[in-house]
């Protein structure tokens, strides 16, 4: 596995240490310094600027955080990475970034990266995949882990500049934003967290891919069938609050995440799901968190970048 960062703190990225105004988290971030947490699955480029305008994003005082999967889903992956770098944004590693980095590592170590494309007429903008075209299918359960010759992704691995790839390598699996009033310790991940497990003991692959927990074993799963991990996480955090009249904020954790698409933002007290299907014609969502801990949601509509199967 090619992983450089597992857990990182926001101040290591040069922002949000003491904030200033606001943070803006997209899609998957959002703070007065604001944090703007935002849109995963964003390959959106044009729509991101519209969303940041709507959120009154100030590059001097606000900080932008992505919840992962900012590449491979739409037509402008490279441009999206470059835009994130231009804004000095932070981003967590999603399963898409992890897969492309593994691809790039494989290509570099085999000397293929600088050679011709495996299929010269392959169009990166194509919404289809090699799997749909009948190419070798990955083993059951490995779709999130291994590259099996999806030409679109092979081309992307070659198109990334060394600087863009280095930026993606630095994206941690878990990003610690810090303590924010009633929210407690705010962390950003792509997939989710297993309730009751310390951040240092979380499984990196599960953090990037989980959607549910097994009903019997509570083992995380990338499949939709099972218990919603966020629901269980909120129950556990609520129990902490109910068993102590004034629990210290250090005992509470709020998770901002993407990966699991919802028709509208999945906002609970201790979990904030921001994937609202931008790449499939849904909306690009930003969560704006002020320095005082208040939050609000901003959204813009997106085009459908996913080709329908024949």
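In the UniProt record's numbering, the protein residues as written are 1 to 310.
Ideal Cβ positions, reconstructed from N, Cα and C, are used throughout, including at glycine.
Notebook entry, point to check: Is the segment 70–88 touching the segment 179–189, taking contact as three or more C-beta pairs under 8 angstroms?
Noted result: no
Checklist line | Per-residue burial, residue 224 [other beta carbons within 10 Å of its own, 16 or more giving buried] | finding: exposed
Margin query: Whether or not the segment 276–296 and the segment 224–241 are in contact is what I'm after, with contact meaning three or more pairs of Cβ atoms, one per stretch, closer than 8 angstroms; do they touch?
Written below: no
Check: By Cβ distance below 7 angstroms, which residues in the same chain neighbour residue 293 in space, the five residues on each side in sequence not counted?
Finding: 180, 181, 182, 183
Next item on the list: Mind checking who residue 278 pairs with in its DSSP beta bridge?
Entry: Paired residues: none, contrary to the question.
Next item on the list: Starting from residue 207, follow the alpha helix (DSSP H) in both directions and report where the run begins and ends.
Entry: 204–209
Check: Expressed to the nearest angstrom, what Euclidean distance is found between the alpha-carbon atoms of residue 144 and residue 161?
Finding: For residue 144, the pLDDT reaches just 41, beneath the cut-off of 50, and the residue's location in the model is therefore unreliable, although a value from the coordinates is still provided. Looking at the two C-alpha atoms, the distance is approximately 24 angstroms.
Check: Where does residue 311 sit, in a helix, a strand or coil, going by DSSP?
Finding: Shown here, the chain extends from 1 to 310; a query on residue 311 therefore has no answer.
Checklist line | N-terminal and C-terminal residue of the beta strand (DSSP E) that residue 290 is part of | finding: 283–290
Check: Relative to the C-alpha of residue 152, which residue among 100, 269, 237 is closest?
Finding: 100
Note to self: Can you look up residue 90 in the DSSP assignment and give me helix, strand or coil?
What the structure shows: strand
Item checked: Residues bridged to residue 267 [DSSP beta-bridge criterion] -> 272
Checklist line | Exposure label - residue 83; buried when at least 16 CB within 10 Å | finding: buried
Item checked: residue 220 versus residue 94 - alpha carbon distance -> 16 angstroms
Notebook entry, point to check: Taking the DSSP output, what are the residues bridged to residue 221?
Noted result: 212
Check: Can the beta-carbon of residue 204 be found less than 9 angstroms from the beta-carbon of residue 8?
Finding: no
Margin query: Looking at residue 256: is its Cβ nearer than 9 angstroms to the Cβ of residue 55?
Written below: no
Notebook entry, point to check: With distances taken between CB atoms, is the gap from residue 98 to residue 65 smaller than 9 angstroms?
Noted result: no
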